[in-house]
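Right, one structure below, let's go through it.
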Amino acid sequence: MKNVARLITATSVAAALTLGLGAGSTVHAFDEHEATIDYRQGVMRAIGGNVGAIAAVVVDGAEFGDNLEMHTSQLVALSQDIPGLFPEGSDFPDTDAKEEIWDDWERFEELSNDTLEAAEALHAAVEAGDEGEYAIRFRNLGQSCQACHDDFRRE
């Protein structure tokens, strides 16, 4: 009887350890990507902040035109490697990133590149002082951002 009790205890301990270790690896996987997700979300907020500031000037006429070069420069820098913000395994459900990013990686890269090119074009217009191009290039930027969000961002 003591042997049966020891066997049951040993089996219970082994099962608990196995389940605990399995849960631990899931937690570790999340912890591993939590910093990446935090960084990604911070970069996306920074992109959004710069886009909002640019819109205030270009669309709404705010008197901060002298800051456009700074904002467009930051936008270009932040958009350099958007795909790098989405490493495989960082598709946890508590983020706005859809699984389709990793399922259709080529399309995601293409749309990210379109956004970078639109940001560069807007920045070039601002550097050249070509105010007649600001609204057009800003609209192109917005369309490129929206195309990516439509396909790859949760509502």
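Letter by letter, the sequence shown follows residues -29 to -1, 1 to 126 of mature numbering (1 follows the signal peptide of the UniProt record, and there is no 0).
Cβ coordinates follow ideal geometry from the N, Cα and C atoms, glycine included.
Please read these numbers as outputs of a predicted model, since none were measured by experiment.
Proximity to Gly19 [Cα-Cα], best of His42, Val29, Gly36 and Trp73 = His42
In three-state DSSP terms, what is Arg125?
-> coil
When the Cα atoms are used, what is the spatial distance from residue 140 to Ala33?
-> There is simply no residue 140 to check, as the chain begins at -29 and stops at 126 in what is shown.
Ordered along the chain, which non-local residues of its own chain (more than five positions away) have a Cβ less than 7 angstroms from that of Pro54?
-> Phe79, Glu80 and Ser83
Inspect the CB distances between the segment 89 to 105 and the segment 69 to 78 and report whether three or more fall short of 8 angstroms.
-> no
Taking the continuous alpha helix (DSSP H) assigned at Ile53, which residues delimit it?
-> Where Ile53 is concerned, there is no enclosing alpha helix (DSSP H), given that its DSSP letter is neither H nor E.
Please confirm whether Ile8 and Ser61 have their CB atoms less than 7 angstroms apart.
-> yes
Is it buried or exposed for Ala24, if we count other Cβ within 10 angstroms and need 16 for buried?
-> buried
From the DSSP output, in three-state form, read off Ala33 for me.
-> coil
Give a yes or no on whether the C-beta atoms belonging to Tyr105 and Val30 are separated by under 7 angstroms.
-> no
Can the beta-carbon of Arg124 be found less than 7 angstroms from the beta-carbon of Asp67?
-> yes
From Glu98 to Glu126, what does the alpha carbon distance come to, in whole angstroms?
-> 35 angstroms
Contacts around Cys119, its chain only, beta-carbon distance under 7 angstroms, and the 5 residues preceding and following it disregarded | Leu82, Ser83 and Thr86
Extent of the continuous alpha helix (DSSP H) run through residue 149 | The structure shown does not extend to residue 149, since the chain is modelled only from -29 to 126, so the question has no answer here.
Element boundaries [alpha helix (DSSP H), containing Ser83] = Trp76 to Ala99
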